[in-house]
Amino acid sequence: MSLELTADQHDYRDRLRAWLDEHGADAPRRHVLEPQDDAAVARLRAWQGRLSDAGYVGVTWPARFGGPGGTPAEAVIVDQELEARGIAGPFDFIGIGMVGPTIMAHGTPEQQERHLAPLLRGDEFWCQLLSEPGAGSDLAAVQTRARRREDGAWVVNGQKVWTSFAQHAAFGILLARTDPAVAKHKGLSMFLVPMDSDGLTIRPLRQITGDAEFNEVFLDDLVLPADAMIGAEGEGWKVALTMLGFERVAVGSGLHAVRLERLVAAIAEDPAAREDHAVRVRMGQVASQLLALRHTSERVVREIAEGRVPGPDAGLIKITSVIASLDACRFVVDAIGPDALVDGEWGHQVSALPGVRSAGGTEEILRNLIGERHLGLPPEPRVAPPAPAAPAPAPAPATV
């Protein structure tokens, strides 16, 4: 994507700046610790609603789905201006970046009408009910079971884990096994689940950062109506791949990434670091990684706006984002020393990023996907499941 803006794009930036001058003074700050209390979440949701009403959330969402119908360049401009002022963007990044596009791609008209508008405004927050204790990188191995009743409703039993922000969510998108008799990728279906349903229990998991961003979710005889299914029965893996593609773009394009401007500001504020030649050389190396990531992310945003669903190559953004961000955090700590960790933002980032390596798929899994499905390389050797044991021979007839 060209960095040179057209006259219309300059006008768009000017209108955004004027709106932020008027409405941004009391906005939540961008780089703060993850909110844990209901009051903080309510404030972030209210801010998302104000951004949405002004057309600055889901900028590239088509107008037929309630979005502004903007361009990828305008989406980048919004992100740049919010970042420059240290103002928070939309709180529901899972809904805006992952679930919403999936509902657009696979949902029924009724599901799209019911869910997309409140999702965009932040009225209803979303989570993903995907990973399980025995199904993380091998997501298709999920054992949560959905059985259909005679009246068409589904009864769900199982457990999910590492569910981000489930404690704040109104809805979750759930991957469950509806046919255990077929191959694991073919026996899955996807459902839209109200998180206040009877039979659904949420247990937060405390992390090293002090946050409880992740949760365990227990499903005990949870009943869902027939129209809760998104996509066709048995096509849950297809829906999941769509969502995972969008997730890898979201994780990689800035959700957890260190921004170049923040890196430069951290070094500039330390007199010894900013005058050190070795620090400048290393900052140039890290900056080149972050700039490459930014331009790649902008290209993928443009492709998504043109109707392309992210494929396996979207994992490249996630891989490079985490590597570049980890390098940037190590660089700041090395250059400034322990004082860098006194800053709550950098201390939180250093603690959180190692765990982000697994968000949206581990680096090893994503490299295999890119190599096999995008570059056409030979697949990694896989161990075949053991053959079923041969039946025991019949006992010899007794002799008299």
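First residue of the sequence shown: 1022, per the numbering used here; consecutive thereafter. Idealized CB from N, CA, C, for every residue including glycine.
Subject >> Length of the line joining the Cα atoms of glycine 1076 and serine 1309 >> reply: 32 Å
Original post:
Can you tell me whether DSSP reads leucine 1276 as helix, strand or coil?
Top reply: A caution first: leucine 1276 carries a pLDDT of 45, below 50, which makes its placement in the model unreliable, though a value can still be read off. Assignment of leucine 1276 by DSSP, reduced to helix, strand and coil, places it in the helix class.
Subject >> Three-way DSSP call (helix, strand, coil) for leucine 1150 in this model >> reply: strand
**OP:** To the nearest angstrom, report how far apart aspartate 1032 and arginine 1038 are at their CA atoms.
**Re:** 10 Å
**OP:** Could you tell me whether the Cβ atoms of valine 1307 and alanine 1349 are closer together than 8 Å?
**Re:** yes
Subject >> Proximity of methionine 1264 and valine 1120 at Cβ, strictly below 8 Å >> reply: The answer is yes: Cβ separation under 8 Å.
Original post:
Roughly how many whole angstroms lie between the Cα atoms of proline 1402 and glutamate 1268?
Top reply: Taking the CA atoms as reference points, proline 1402 sits about 27 Å from glutamate 1268.
Original post:
When the distance is taken between beta carbons, is glycine 1193 closer than 8 Å to methionine 1216?
Top reply: yes
Original post:
Of all the options Ala1202, Asp1355 and Leu1243, which has the alpha carbon lying nearest to the alpha carbon of serine 1218?
Top reply: Answer by Cα proximity: Leu1243.
**OP:** Run the CB neighbour count on serine 1158, radius 10 Å, all protein chains shown included, and call it buried at 16 or more, exposed below.
**Re:** The residue is exposed, with fewer than 16 neighbouring Cβ atoms inside 10 Å.
Subject >> Close Cβ partners of glycine 1220 (< 6 Å) along its chain, the five nearest in sequence each way excluded >> reply: Asp1241, Asp1242 and Leu1243
Original post:
Between valine 1260 and histidine 1127, is the Cβ-Cβ spacing less than 8 Å?
Top reply: Yes; because the gap between Cβ atoms is below 8 Å, this pair is in contact.
**OP:** Could you name the residues that DSSP lists as bridge partners for asparagine 1389?
**Re:** DSSP lists no partner for asparagine 1389.
Original post:
In the region 1230-1308, which residue ranges form an unbroken beta strand (DSSP E) of at least 3 residues, counting only runs that do not cross its ends?
Top reply: 1235-1245
Subject >> DSSP bridge partner residues for valine 1176 (one or two, in chain order) >> reply: Arg1168 and Val1244
Subject >> Euclidean distance between Cα positions of glutamate 1055 and aspartate 1172 >> reply: No answer about glutamate 1055 holds up, because its pLDDT of 49 lies below 50 and its placement is not dependable.
Original post:
Roughly how many angstroms lie between the CA atoms of leucine 1209 and aspartate 1200, to the nearest whole one?
Top reply: 7 Å
**OP:** Work out the CA separation of threonine 1027 and tryptophan 1175 for me, nearest whole Å.
**Re:** 52 Å
Original post:
Roughly how many angstroms separate the alpha carbons of valine 1300 and valine 1062, rounded to a whole number?
Top reply: 38 Å
Original post:
Who are the Cβ neighbours of threonine 1317 in its own chain at under 8 Å, not counting the five residues just before and after it?
Top reply: Leu1337, Ile1338 and Thr1341
Original post:
Taking Cβ to Cβ, would you say cysteine 1148 is nearer than 8 Å to threonine 1184?
Top reply: Taking 8 Å as the Cβ cut-off, cysteine 1148 and threonine 1184 qualify as a contacting pair.
Original post:
Short check: CB of valine 1353 to CB of alanine 1253, under 8 Å?
Top reply: no
**OP:** Check the C-beta distance from leucine 1150 over to valine 1238 and give it rounded, since I have them as a contact under 8 Å.
**Re:** 6 Å
Original post:
When you compare only the Cα positions, how much space is there between glutamine 1188 and leucine 1314?
Top reply: 32 Å
Original post:
Where DSSP assigns a beta bridge to phenylalanine 1192, which residues make up the other side?
Top reply: Trp1147 and Pro1215
Subject >> Nearest neighbour of alanine 1167, chosen from Asp1144, Glu1290, Asp1291 and Leu1195 [CA to CA] >> reply: Across the set Asp1144, Glu1290, Asp1291 and Leu1195, the C-alpha of Leu1195 shows the shortest separation from the C-alpha of alanine 1167.
**OP:** Please state if the CB of phenylalanine 1235 and the CB of alanine 1191 are separated by a distance shorter than 8 Å.
**Re:** Taking 8 Å as the Cβ cut-off, alanine 1191 and phenylalanine 1235 do not qualify as a contacting pair.
**OP:** Following the continuous beta strand (DSSP E) through proline 1225, name the residue where it begins and the one where it ends.
**Re:** 1221-1226
Original post:
Helix, strand or coil: which one does DSSP assign to arginine 1315?
Top reply: helix
Subject >> Integer Cβ distance of glutamine 1069 from valine 1078, believed to fall under 8 Å >> reply: 6 Å
**OP:** Kindly indicate the opening and closing residues of the alpha helix (DSSP H) around aspartate 1042.
**Re:** For aspartate 1042, the enclosing alpha helix (DSSP H) stretches over residues 1028-1044.
Subject >> CB of glycine 1088 within 8 Å of CB of aspartate 1100, strictly >> reply: no
Original post:
Nearest CA to the CA of isoleucine 1441: which residue from Gly1143, His1044 and Ala1247?
Top reply: Outside the displayed range of the chain (1022 to 1421) lies residue 1441, so it cannot be described from this structure.
**OP:** Pick out the complete alpha helix (DSSP H) segments inside the region 1081-1165, 4 residues or longer, and give them in chain order.
**Re:** Under the rule that a run must span 4 or more residues, the alpha helix (DSSP H) segments found entirely inside the region 1081-1165 read 1093-1106, 1121-1127 and 1130-1142.
Original post:
Which residues share a DSSP beta bridge with arginine 1198?
Top reply: Paired residues: Arg1166 and Leu1209.
**OP:** Take the Cβ of aspartate 1113 as the centre, count every other Cβ of all protein chains shown within 10 Å, and call the residue buried at 16 or more, exposed below.
**Re:** buried
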